[in-house]
Amino acid sequence: MSINTLGGVLDQIQSQARQVSDVSSLNPFASTRKTESNSQFSNILLNSINNISDMQTQAKSQSQAYLSGAEGIGLNDVMVSIQKSSVALNLGVQVRNKLVSAYQEIMSMPV
Numbered sequence: 095m096s097i098n099t100l101g102g103v104l105d106q107i108q109s110q111a112r113q114v115s116d117v118s119s120l121n122p123f124a125s126t127r128k129t130e131s132n133s134q135f136s137n138i139l140l141n142s143i144n145n146i147s148d149m150q151t152q153a154k155s156q157s158q159a160y161l162s163g164a165e166g167i168g169l170n171d172v173m174v175s176i177q178k179s180s181v182a183l184n185l186g187v188q189v190r191n192k193l194v195s196a197y198q199e200i201m202s203m204p205v
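Note that the working numbering gives residue 124 to position 30 of the sequence shown, counting from 1, and the numbers run on in steps of one.
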């Protein structure tokens, strides 16, 4: 799974959040805190995806620097950064899977 796939899921979630906020804006009893929470969630999700991408980019550049023989980069540092980026990507994929599963469950509910 790639970052682009996670970005596509994020785009779908944001468009649905906009649709929900448009519908809730018609309701005079809807609180304004809900829309603030939705925007904060999407910002947190987007920042997390960007952090995962940054970790992978950093691990790749660090491994290339080690292979080219740059001073001050040890093999253990390279391996730790690669493992961190791998764990972060796996976490991102699992979060995406849970979000998609929750979305599918909600969509299968009778109205």
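Note that beta-carbon positions come from the ideal geometry of N, C-alpha and C, so glycine has one too.
Thinking C-beta only, is residue j closer than 8 angstroms to residue i?
i: G186; j: I143; result: yes
i: V172; j: Q156; result: yes
Please name the residue, chosen from the options, that lies closest to residue i on a Cα-to-Cα basis.
i: I176; options: L140, Q152 and E199; result: Q152
i: S136; options: M149, S147 and I107; result: I107
Counting only the same chain and skipping the five closest in sequence on each side, list residues whose C-beta sits under 8 angstroms from that of residue i.
i: P204; result: none
i: K78; result: Given that the chain is displayed from residue 95 to residue 205, the structure contains no residue 78 and the question cannot be resolved.
Tell me which same chain residues have a C-beta within less than 7 angstroms of the C-beta of residue i, skipping the five on either side of it?
i: Q113; result: none
i: I146; result: I97, A182, L183 and G186
i: K192; result: none
i: L66; result: Only positions 95 to 205 of the chain appear in this structure, which leaves residue 66 out of reach.
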